[in-house]
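Student: Residues in the first sequence are numbered from 211 upward in steps of one, following our numbering.
We put the CB at the ideal spot given by N, CA and C, even for glycine.
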Amino acid sequence: MGKLFENRIIESSIFANKELLRPTYIPENLPHRKKQLKSLADTLSAALKGKTPSNLLIYGKTGTGKTATVKYVDKQLEEKGEKMDSKCTLIYINCELFDTQYRVFAYLARVFNKKVPTFGWTTDKVYSEFKRVIDKEDRCVIVILDEVDKLVTGGEETLYNLSRINSELNNARVRMIGISNDPTFTELLDTSVRSSMSEEELIFPPYNANQLQDILTERAEIAFNKSVIKGEVIPLCVAFAAQEHGNAMRALDLLRVSGEIAEGTKSDVITEEHVRLANEKIETDRIAEAVKILSLQSKIVLSSVLLLSKKNSNRQFSSGEVYEMYRRLCDHLGIEALTYRRVTDFFVELEILGLINAKIVGRGRYGRTREISLSVPEVLLQPLLVEDPMLKAISNI
DNA sequence: CTTCCACGGGAACACTGGGGTG
DNA sequence: CACCCCAGTGTTCCCGTGGAAG
Numbered sequence: 211m212g213k214l215f216e217n218r219i220i221e222s223s224i225f226a227n228k229e230l231l232r233p234t235y236i237p238e239n240l241p242h243r244k245k246q247l248k249s250l251a252d253t254l255s256a257a258l259k260g261k262t263p264s265n266l267l268i269y270g271k272t273g274t275g276k277t278a279t280v281k282y283v284d285k286q287l288e289e290k291g292e293k294m295d296s297k298c299t300l301i302y303i304n305c306e307l308f309d310t311q312y313r314v315f316a317y318l319a320r321v322f323n324k325k326v327p328t329f330g331w332t333t334d335k336v337y338s339e340f341k342r343v344i345d346k347e348d349r350c351v352i353v354i355l356d357e358v359d360k361l362v363t364g365g366e367e368t369l370y371n372l373s374r375i376n377s378e379l380n381n382a383r384v385r386m387i388g389i390s391n392d393p394t395f396t397e398l399l400d401t402s403v404r405s406s407m408s409e410e411e412l413i414f415p416p417y418n419a420n421q422l423q424d425i426l427t428e429r430a431e432i433a434f435n436k437s438v439i440k441g442e443v444i445p446l447c448v449a450f451a452a453q454e455h456g457n458a459m460r461a462l463d464l465l466r467v468s469g470e471i472a473e474g475t476k477s478d479v480i481t482e483e484h485v486r487l488a489n490e491k492i493e494t495d496r497i498a499e500a501v502k503i504l505s506l507q508s509k510i511v512l513s514s515v516l517l518l519s520k521k522n523s524n525r526q527f528s529s530g531e532v533y534e535m536y537r538r539l540c541d542h543l544g545i546e547a548l549t550y551r552r553v554t555d556f557f558v559e560l561e562i563l564g565l566i567n568a569k570i571v572g573r574g575r576y577g578r579t580r581e582i583s584l585s586v587p588e589v590l591l592q593p594l595l596v597e598d599p600m601l602k603a604i605s606n607i
């Protein structure tokens, strides 16, 4: 250990342990989730006793502690299960990453040491290989499908197969726990799949201001050094997070980034001003991140909205106007324009990312349109778009 | 009630990148 | 090796539909 390391330790007068504020950290104690914890533990402990637990569906908006709670119970059961030598396996899958049937079953099979190529096999083969490999012995496999709503378009077969798999197994049993932030997603499912998936349901309501306050206070105590936080810092974080429908993840992020900013300005304490700056930084980062992952075509669509709002005093445009601008822009850039139908999908995409507002309004005899406007500042957006070498040409329009 | 427009679901198609088969 | 099959993605094309002004 050199001096450098020592210095770094001394330098952080703010954080005792910054990692405790990251979303990956599972705390020892989950405030205001006792009911959900117990419910989940009851359902799952049946698996440890060799019984077959019900399938479970969990609803709640982002930052309501769904994933944290499941991982918390998962961790505990895993430990307990090993001690009791029970043959119960919990597998956590984020369906945003594994969003097709092939990928899900390939991942599942790999957990049981079965080699499956990234593609090439038929999905049927992957599925039956998975079945074969788990059915070798009497065991219980619990599949946790986080963001399960991402499977509805394209991967719904996955849910169908998982819900009927038990009738094709002789020794093993498979259960699933679905986690979704969209309570309406089951409406799109086949009725038999739906009823099988939601044998039990668990709801995670958004945290209210008092609960957020508790969470932050508890976490701040272990993550920060003593008396670093000034009086109004936590209430302000709570206030910002409450605007985001009680998103605890956002609140913890705010706290962490506030601390980083305080640290960067060589301040010994975190002030309200740091929280305000942190809120801006998080928003700016979010936008930059969103723009970065857009396809070129999406970026052109977004540029069209940007150009329109720079040129016009009114800030609201019909989908037709935006498409018109998009065609002109494609022409200008020498890129083949896509059809209107395709571009409407980009409108939806951009709205979900929070980069534009696109409300559908009925105009009576004059049909329906989306009224489209930017939902982020022009000055922020333009430099991000121009970063794309293909879009350099728009910088001087 | 009619009428009109864009919305949005779905079929069809093209293309990619891999495995299996003879 | 050549050839076909298959999953997945991105696209175009077609058409039924929602809903408020007229």
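Tell me the DSSP secondary structure of residue 222 in three-state form.
Tutor: Here residue 222 refers to the residue found at position 12 of the first sequence. In the structure shown, residue 222 sits in coil (DSSP, three-state: anything other than H, G, I, E or B).
Student: Could you say which of 359, 584, 427, 445 lies nearest to residue 269 if we only look at CA atoms?
Tutor: Start at 1 with the first residue of the first sequence, and residue 269 comes out as number 59. Nearest C-alpha to residue 269: 359.
Student: Of all the beta strand (DSSP E) runs that stay within the bounds of the region 290-327, which reach a length of 3 or more residues?
Tutor: For the region 290-327, whole beta strand (DSSP E) runs of length 3 or above, ordered along the chain, are 298-304.
Student: Distance, Cα to Cα, residue 365 vs residue 385?
Tutor: By 1-based counting over the first sequence, the position of residue 365 is 155. By 1-based counting over the first sequence, the position of residue 385 is 175. Taking the straight line joining both Cα atoms gives about 18 Å.
Student: Buried or exposed: which applies to residue 600, given that a residue is buried once 16 or more other Cβ atoms fall within 10 Å of its Cβ?
Tutor: Here residue 600 corresponds to residue number 390 of the first sequence, with the count starting at 1. Flag for residue 600 reads exposed.
Student: In terms of residue numbering, what span does the alpha helix (DSSP H) encompassing residue 403 cover?
Tutor: As a first step, residue 403 is located in the first sequence; it is residue number 193 there, counting from the start. Segment 401-407, the alpha helix (DSSP H) holding residue 403.
Student: Can you tell me which of the three DSSP states residue 410 falls into?
Tutor: Working through the first sequence from its first residue, we reach residue 410 at position 200. Residue 410: strand per DSSP, three-state reduction.
Student: To the nearest angstrom, how far is it from the Cα of residue 228 to the Cα of residue 357?
Tutor: As a working note, residue 228 is residue 18 in the first sequence. As a working note, residue 357 is residue 147 in the first sequence. Looking at the two C-alpha atoms, the distance is approximately 27 Å.
Student: Can you tell me the Cα-Cα spacing of residue 543 and residue 407, whole angstroms?
Tutor: For the purposes of this step, residue 543 is identified with residue 333 of the first sequence, where counting begins at 1. For the purposes of this step, residue 407 is identified with residue 197 of the first sequence, where counting begins at 1. Between residue 543 and residue 407, the C-alpha separation is close to 49 Å.
Student: Between the C-alpha atoms of residue 343 and residue 322, what's the straight-line distance to the nearest angstrom?
Tutor: Counting from 1 along the first sequence, the entry for residue 343 is found at position 133. Counting from 1 along the first sequence, the entry for residue 322 is found at position 112. About 7 Å.
Student: Applying the criterion that 16 or more other CB atoms from any shown protein chain within 10 Å of the CB defines a buried residue, is residue 519 buried or exposed?
Tutor: For the purposes of this step, residue 519 is taken as residue 309 along the first sequence, with counting starting at 1. Its Cβ being crowded by 16 or more others within 10 Å, residue 519 is buried.
Student: Going along the chain, which residues of its own chain have a beta-carbon closer than 6 Å to the beta-carbon of residue 423, five neighbours each way excluded?
Tutor: Residue mapping note: residue 423 aligns to position 213 of the first sequence, counting from 1. Once the five neighbours on either side are set aside, the close Cβ partners of residue 423 are 448.
Student: Quick one: Cα of residue 259 to Cα of residue 481, how far?
Tutor: Sequence index remark: in the first sequence, residue 259 carries index 49 (1-based). Sequence index remark: in the first sequence, residue 481 carries index 271 (1-based). C-alpha separation (whole angstroms): 51 Å.
Student: If you follow the alpha helix (DSSP H) that residue 473 is part of, which residue opens it and which one closes it?
Tutor: The residue you call residue 473 lines up with position 263 of the first sequence. Counting along the chain, the alpha helix (DSSP H) containing residue 473 begins and ends at 458-474.
Student: Shortest alpha-carbon distance to residue 363 belongs to which of 391, 398, 335, 394?
Tutor: Within the first sequence, the letter at position 153 stands for residue 363. Comparing Cα-Cα distances from residue 363 to each of 391, 398, 335, 394, the minimum goes to 398.
Student: Any idea what DSSP makes of residue 336, helix, strand or coil?
Tutor: Here residue 336 refers to the residue found at position 126 of the first sequence. Helix.
Student: Residue range of the beta strand (DSSP E) that residue 386 falls in?
Tutor: Residue mapping note: residue 386 aligns to position 176 of the first sequence, counting from 1. Note, residue 386: beta strand (DSSP E), 383-390.
Student: So, for residue 511: in the same chain, excluding its five sequence neighbours on each side, which residues have a beta-carbon less than 8 Å away from its beta-carbon?
Tutor: Residue mapping note: residue 511 aligns to position 301 of the first sequence, counting from 1. Hits under 8 Å: 532, 536, 553, 556, 557, 560.
Student: For the region 417-436 against the region 307-321, do three or more pairs of beta-carbon atoms, one drawn from each stretch, fall closer than 8 Å, so that the two count as touching?
Tutor: Taking 8 Å as the limit for Cβ pairs, the verdict is that the region 307-321 does not touch the region 417-436.
Student: Compute the Euclidean distance between the alpha carbons of residue 263 and residue 305, then round it to the nearest angstrom.
Tutor: For the purposes of this step, residue 263 is taken as the residue at position 53 of the first sequence. For the purposes of this step, residue 305 is taken as the residue at position 95 of the first sequence. Cα to Cα, the separation comes out at about 22 Å.
Student: Using only the alpha-carbon positions, how far apart do residue 212 and residue 223 sit?
Tutor: The residue labelled residue 212 in the question sits at position 2 within the first sequence. The residue labelled residue 223 in the question sits at position 13 within the first sequence. Residue confidence is low: residue 212 scores 44 on pLDDT, short of 50, so the model does not pin down where it sits. No coordinate-derived value is stated.
Student: Just to confirm, is the Cβ distance from residue 574 to residue 458 under 9 Å?
Tutor: Within the first sequence, the letter at position 364 stands for residue 574. Within the first sequence, the letter at position 248 stands for residue 458. The answer is no: Cβ separation not under 9 Å.
Student: Decide yes or no for the touch test of the region 466-486 against the region 562-573: beta carbon pairs closer than 8 Å, at least 3 of them.
Tutor: Counting Cβ pairs under 8 Å, fewer than three are found: no touch.
Student: Cα separation between residue 421 and residue 450?
Tutor: As a working note, residue 421 is residue 211 in the first sequence. As a working note, residue 450 is residue 240 in the first sequence. About 14 Å.
Student: Residue 569 and residue 581: beta carbons closer than 9 Å?
Tutor: Reading the first sequence from its first residue, position 359 is the one you call residue 569. Reading the first sequence from its first residue, position 371 is the one you call residue 581. It is a contact, given that the beta carbons lie within the stated cut-off.
Student: Would you decide whether residue 463 is buried or exposed? Buried here means 16 or more other CB atoms lie within 10 Å of its CB.
Tutor: Within the first sequence, residue 463 is the residue found at index 253, counting from 1. Residue 463 is buried by the Cβ-count criterion.
Student: Span of the alpha helix (DSSP H) holding residue 489?
Tutor: Start at 1 with the first residue of the first sequence, and residue 489 comes out as number 279. Per DSSP, residue 489 belongs to the alpha helix (DSSP H) from 482-502.
Student: Taking the straight line between their C-alpha atoms, what separation do you get for residue 527 and residue 539?
Tutor: Translated into positions along the first sequence, residue 527 becomes position 317. Translated into positions along the first sequence, residue 539 becomes position 329. Their Cα atoms are separated by approximately 16 Å.
Student: Compute the beta-carbon to beta-carbon distance between residue 348 and residue 290, rounded to the nearest angstrom, for a pair I have assumed lies under 8 Å.
Tutor: Walking along the first sequence from the start, residue 348 turns up at place 138. Walking along the first sequence from the start, residue 290 turns up at place 80. Incorrect: roughly 19 Å between the Cβ atoms, too far for contact.
Student: Quick test of your reading: residue 497 and residue 487, contact by CB under 8 Å. State the CB separation rounded to the nearest angstrom.
Tutor: Working through the first sequence from its first residue, we reach residue 497 at position 287. Working through the first sequence from its first residue, we reach residue 487 at position 277. Going by Cβ atoms, the distance from residue 497 to residue 487 rounds to 16 Å, so no, they are not a contact pair.
Student: For residue 598, which residues of its own chain have a beta-carbon under 8 Å away from its beta-carbon, when the five flanking residues on both sides are left out?
Tutor: On the first sequence, position 388 is the one that residue 598 refers to. Closer than 8 Å at the Cβ level, and outside the excluded window around residue 598, lie 506, 509.
Student: Only counting runs of 3 or more residues, tell me where the beta strand (DSSP E) segments fall wholly within the region 563-589, in order along the chain.
Tutor: As far as the region 563-589 is concerned, its whole beta strand (DSSP E) runs of at least 3 residues are 566-572, 578-584.
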